[in-house]
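Sequence order for the protein chains is A and B.
Per this note's numbering, the very first residue in the first sequence carries number 1; after that it's consecutive.
Per this note's numbering, the very first residue in the second sequence carries number 773; after that it's consecutive.
Every residue, glycine too, gets a C-beta built ideally from N, C-alpha and C.
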Amino acid sequence: MDDLLQEFIAETRETLEALSGEIVAWESSPEDRARLDAIFRFVHTVKGSCGFLDLPRLGRLSHAAEDVLAQARTGDRTPDRALVNAVLAIVDRIGELVEAIDSGASLPDSGDELLIAALEEGAEEVVSVNLPGIQRAASRSVRLNVELLDRMMSGMSDMVLARNELARRLRHGEIDPTVEAALERLSLTVGEMRDTVTRTRMQKIDALFSALPRMVRDTAAGLGKSVSLHIEGADVELDREMIEVMRDPLVHIIRNSIDHGIEAPGDRRRDGKRENGRLIVSARQSGNQIIIEIADDGRGIDIERLIRKLVANGRNERDLRAMSDRQKLELVFEPGLSSKDEVTDVSGRGVGMDVVKSSIEQIGGRVELDNAPGKGLRIAIHVPLTLSIISAIVVGVGKQRFAVSRQAIEEIVTERSEAIRIDTIGGAQVVTVRDRRLPMIDLGELLGVPRAEMETGQMLAIVSVSDGSYALSVDTVLDNEELVIKPASPAVMSTGLYAGQTLPDSGLPMLLLDCAGMAHAAHLDFTRNVSHAYDEVEAEAATPGTPALLFCDLDGVRRAVPLGIVDRVEQVDAGSVRHSGGQLRITIENRILPLVVQGEYNLAKRLNVLRLKDGESEVAYVIDEAMDIVMLPDEIVPAKAAGPVAGVVLLDGDQVELLDAYWVFGEYAGDEGEEVQPVCLLADDHDGWMTAFVQPLLEGAGYRVVTELASGETASVVLSAESGGAAPGVAAPLVRLRRRKAAKAGDDSIYRYDREGLLSALEDRIAANGGR
Amino acid sequence: MAHLYLIAQIAGRAVAIDSDQVESVVDIGEVTAIPRAAEHVRGLAALRSRVVTVVDTQSALGLEASGNEACRAVITHVDGHHYALLVDALEDVAPFDLLPLAGGFALDSAWRSAGRGIVERDGEPILVIDLSSLVPGHAVAAE
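#1: Can you look up A:Val-694 in the DSSP assignment and give me helix, strand or coil?
#2: Could you tell me if A:Met-631 is buried or exposed, where buried requires 16 or more neighbouring beta carbons within 10 angstroms of its beta carbon?
#3: Starting from A:Arg-217, follow the alpha helix (DSSP H) in both directions and report where the run begins and ends.
#4: Across the region 862 to 882 of chain B and the region 814 to 827 of chain B, are there enough close Cβ pairs to call them in contact, namely three or more that are closer than 8 Å?
#5: Report the neighbours of B:Ala-886 on chain A: residues whose CB is nearer than 8 Å to its CB, in chain order.
#6: Need the endpoints of the alpha helix (DSSP H) that A:Asp-158 sits in, please.
#7: Just to confirm the assignment, what range does the alpha helix (DSSP H) spanning A:Asp-555 have?
#8: Three-state secondary structure (DSSP) at A:Leu-775?
#9: Between A:Gly-277, A:Arg-738, A:Arg-406, A:Glu-14, which lies nearest to A:Val-142 when the distance is taken from Cα to Cα?
#10: DSSP on A:Pro-633, reduced to helix/strand/coil?
#11: Identify the contact partners of A:Gly-507 in chain B, using a Cβ-Cβ distance below 9 Å as the criterion.
#12: Just how far apart, CA to CA, sit B:Val-787 and B:Gln-781?
#13: Got a sec, what are the start and stop residues for the alpha helix (DSSP H) A:Arg-199 sits in?
#14: What would DSSP say about A:Asp-687, mapped onto helix, strand or coil?
#15: Just the Cα atoms here: how many angstroms apart are A:Thr-196 and B:Leu-778?
#16: Can you tell which of A:Gly-653, A:Pro-733, A:Thr-502, A:Leu-651 has its C-alpha closest to the C-alpha of A:Leu-682?
#17: What residues in the region 462 to 491 of chain A have a beta carbon less than 9 Å from any beta carbon of chain B?
#18: Looking only at its chain, what residues have a beta carbon closer than 6 Å to the beta carbon of A:Pro-373, apart from the 5 residues adjacent to it on each side?
#19: Is the distance from the Cβ of A:Leu-114 to the Cβ of A:Val-68 below 7 Å?
#20: Between A:Gln-501 and chain B, is there a C-beta pair that is closer than 7 Å?
#21: Determine the extent of the beta strand (DSSP E) in which A:Ser-464 is found, giving its start and end residues.
#22: Is A:Ala-533 close to chain B, meaning its C-beta is less than 7 Å from at least one C-beta of that chain?
#23: Three-state secondary structure (DSSP) at A:Thr-78?
#24: DSSP beta-bridge partners for A:Pro-439?
#25: Report the rounded CA-to-CA distance for A:Val-245 versus A:Met-153, giving the unit in angstroms.
#26: What's the C-alpha gap between A:Pro-547 and A:Lys-605?
#27: Bridge partners of A:Ile-90, per DSSP?
#28: Could you name the residues of the region 138 to 161 of chain A whose beta carbon sits closer than 7 Å to any beta carbon of chain B, in the order they occur along the chain?
#29: Please check if any C-beta of chain B sits within less than 7 Å of the C-beta of A:Ala-541.
#30: Do you know whose CA, among A:Ala-167, A:Pro-562, A:Val-404, lies nearest A:Asp-628's CA?
#31: Of all the alpha helix (DSSP H) runs that stay within the bounds of the region 730 to 759 of chain A, which reach a length of 4 or more residues?
#32: Name, in chain order, the residues that DSSP records as bridge partners for A:Cys-680.
#33: Tell me whether A:Val-142 sits in a helix, a strand or coil according to DSSP, three-state version.
#34: With a Cβ-Cβ cutoff of 7 Å, do A:Val-645 and A:Val-656 count as a contact?
#35: Here's the rule: buried if 16 or more other CB atoms are within 10 angstroms of the residue's CB, otherwise exposed. What is A:Leu-229?
#36: If the cut is a Cβ gap below 8 Å, which residues of chain A does B:Arg-785 touch?
So, in structure tokens, the structure goes:
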């Protein structure tokens, strides 16, 4: 029974962690069915286990939550804010209770009834719904002692070495082909096994990140701030143990960011920032390190206040002032420092950045700060890969061999190559590779290893580190190997040149070079611009560009369609196409969709169909094949007349037609319950400019555009060029377009390329005229 | 209370090592040098599937590097890393009582920081050394 209980606690904990992201997402969009299901599954599982393990309190709570969620699922109740909050409170209480059970503590149960009562909506009845058996989450996992895994790992390595030894011995004598075949098979199996075993130690960093959305939400809400969290690189793999060590520092840094960094909404408005604070947490592997970055757009570190605080703590002010900017910034890691004047219940618990720093350093990592006062703070945690399999290049200098992470190497060239020249500038060696000029590090010289006397030229590995690139000169490039890298002892690491050690199949230990460390040791100086990096992040967020799907159409023309409206691409039997009700239609998943065809399609073939969706209606579009996802350039040359093509864009020097989504939906999807479109009359469009430019725009905005009124038709609004007056005999408001950008006094006309202005003017005039 | 000690020869002198600090005694094979590492760090050696850092004990004690090709080593485990400390020879494993280092013994250089006390073997006092203080990178912490 005890085992079962432990199992239940561990499982619930894990699920809760995984769920916390879902919960926040559900809160922001309570209609989201997938999230609702996930939370429902959780409480349902807890309830089931409770009955079995005789945990009545947990059972009661989960049962109540399950009931309400079941109603939300069947549509009997709308998941509003109150409901979401009540359910979240229950989920939280379940977490607390589970922890209490684990530690053997008792938790007063007075609040339970209140929580359950909060689920009720007025006098609504709580009806128990019997649901069919809920599928448990598909992921199967077991918990294992790390020590056991380590034993398995080292056993595995021993096996590899034993196999190598065996192979070496066999090679001396005459080998029976059958023995050789058996050895071959053994080698293969051992290799596969090693991969599998090694991967048991690794975990996706998502395990660390999945709890963040909830934490950020709670912390921000507690402080009356609003913070949007953006997570990147959740699938980077890290040693499981490392993930555990990282947990507390990460939480601390994020809390700090929200509490001290990101300002209150009012302050942000005053400083011209968005009210929503931005927090970006990202992980990436860079050579032999994992870099976890926490960037916020808050106020940054106030160094002046930091110094005042330290002076108040009894430090010598002159010493502090004499420090370099970087040293001053590092003061934030001094113990006993709360960078905020008052202590808050969120982060002012006496745990400072000094603790963060020391725990990161304990695992051989380091913390880097990029401070932009008033703009934000970026904290980068560099963690060594304690244990990882990396693809490495083995290089040789003199008699020694070293491994270099493949990821860090851009290319390998030989010195003799025509494209390479090496010069000495002011004592430093500089390599020119094609058009790039790079500093050079001679590995033999750096390490003090005598280089081999060789006839042939040496090899240059172009190495890129986070700050820049350099050329590493070595004697030979030997091999490309997958290596299991382990941390080296402090005696080795203190040189600053190595990132770890490995035991390749040769059985002779080898060191992994630290590319950034070597650049540092060789005094290469890549000065970088902090604020520039910030601007880049901003700019990226501001103009994401429009991605589009490039495809080859049936008529052989290459066209692009904005990715946003492409629901999916699928293959459909040509037999499901019918000409019915005046146009081509296709049957997909028991639905009839209007079909757009440009060109000839072959009835015998299966058709590639784009399903385009604008939110309400759906249209199918037959293509020859999908080619690529591209980013649309800003410049679009509009098409001459309204039609399936909105314009032409230049992609990789090639003209590509851009599909006019407005036209396609307007033309084909219109019969799904058409609204009455306001009619816009284009008056005196003599040069055809308005039909070419304005008409597609207006049609996109939901107007029906005519150049002449049919009998009995009335215009809702009239659009005319500058000189023209109201069309005779039309009683509709008039919007005039002018050619010049600047307006004369008293002129209410609209500049003809002012898209927004035009649309809002049209709307205003129609509304003022009684909304016809 | 008597405790088990390993009596070894380092730099021609007998020293006693707490058996708790000793994981095993091995003969190490080929050593991979670590360029730019401290002088008393010999290099890396493979011990089956494990990689150990080989320490020239004699030079770690501040004496002239032994220079000989001693390959007998005591394996110790400090802060998650394994080290092989080279010794000239191993003499004995026996229980002894640890006696404090009496005042007035002027041990030279690193012996002072490594010394933890003495044991008496047939009337001959033998210095007890702390292996972890000889391990580079930990010496400061051990003091």
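With the structure as the only source:
#1: Helix, per DSSP.
#2: Exposed, since its Cβ has fewer than 16 Cβ neighbours within 10 Å.
#3: Judged by DSSP secondary structure, A:Arg-217 falls within the alpha helix (DSSP H) whose first and last residues are 212 to 222.
#4: No, the region 862 to 882 of chain B is not in contact with the region 814 to 827 of chain B.
#5: Result: empty, since nearest Cβ-Cβ is about 16 Å, beyond 8 Å.
#6: 146 to 172 is the span of the alpha helix (DSSP H), which, as asked, contains A:Asp-158.
#7: Under the DSSP assignment, A:Asp-555 falls outside any alpha helix (DSSP H); it carries neither an H nor an E label.
#8: Not covered by the structure: residue 775 of chain A. The range shown for chain A is 1 to 772.
#9: Nearest option by C-alpha distance: A:Glu-14.
#10: In the structure shown, A:Pro-633 sits in coil (DSSP, three-state: anything other than H, G, I, E or B).
#11: Those within 9 Å of A:Gly-507 in chain B are Gly-801, Glu-802, Ala-818.
#12: Between B:Val-787 and B:Gln-781, the C-alpha separation is close to 6 Å.
#13: Here the alpha helix (DSSP H) through A:Arg-199 covers 177 to 199.
#14: DSSP, reduced to helix, strand and coil, places A:Asp-687 outside both helices and strands of the structure shown, so it counts as coil.
#15: The straight-line gap separating the alpha-carbon atoms of A:Thr-196 and B:Leu-778 is approximately 41 Å.
#16: Nearest to A:Leu-682 by alpha-carbon distance, out of A:Gly-653, A:Pro-733, A:Thr-502, A:Leu-651, is A:Pro-733.
#17: Correct list: Lys-486, Pro-487, Ala-488, Ser-489, Pro-490, Ala-491.
#18: Once the five neighbours on either side are set aside, the close Cβ partners of A:Pro-373 are Gly-300.
#19: No.
#20: Answer yes: the Cβ-Cβ gap between A:Gln-501 and chain B drops below 7 Å somewhere.
#21: Run containing A:Ser-464: 459 to 464, per the beta strand (DSSP E) assignment.
#22: Any answer about A:Ala-533 is weak, because its pLDDT of 40 lies below 50 and its placement is not dependable; what the coordinates show is given next. It does not; no Cβ of chain B falls within 7 Å.
#23: DSSP places A:Thr-78 in the coil class of the three-state scheme, outside both helix and strand.
#24: Its beta-bridge partners are A:Val-430.
#25: One C-alpha to the other measures close to 21 Å.
#26: Taking the straight line from one Cα to the other gives about 29 Å.
#27: Looking at the DSSP assignment, A:Ile-90 forms no beta bridge with any residue, so it has no partner.
#28: If the cut-off is 7 Å between Cβ atoms, the region 138 to 161 of chain A has Ser-154, Ser-157, Asp-158, Leu-161 near chain B.
#29: Bear in mind that the predicted position of A:Ala-541 carries a pLDDT of just 39, short of 50, making it unreliable; the figure below should be weighed with that in mind. It does not: the Cβ of A:Ala-541 has no partner Cβ on chain B nearer than 7 Å.
#30: Nearest neighbour of A:Asp-628 by Cα position, chosen from A:Ala-167, A:Pro-562, A:Val-404, turns out to be A:Pro-562.
#31: Unbroken alpha helix (DSSP H) runs of no fewer than 4 residues, entirely contained in the region 730 to 759 of chain A, are not found.
#32: Paired residue(s): A:Val-705, A:Val-717.
#33: Three-state DSSP puts A:Val-142 in coil, outside helix and strand.
#34: Not in contact: A:Val-645 and A:Val-656 (Cβ atoms no closer than 7 Å).
#35: Burial call: buried.
#36: In chain order: nothing, as chain A lies at least about 24 Å away.
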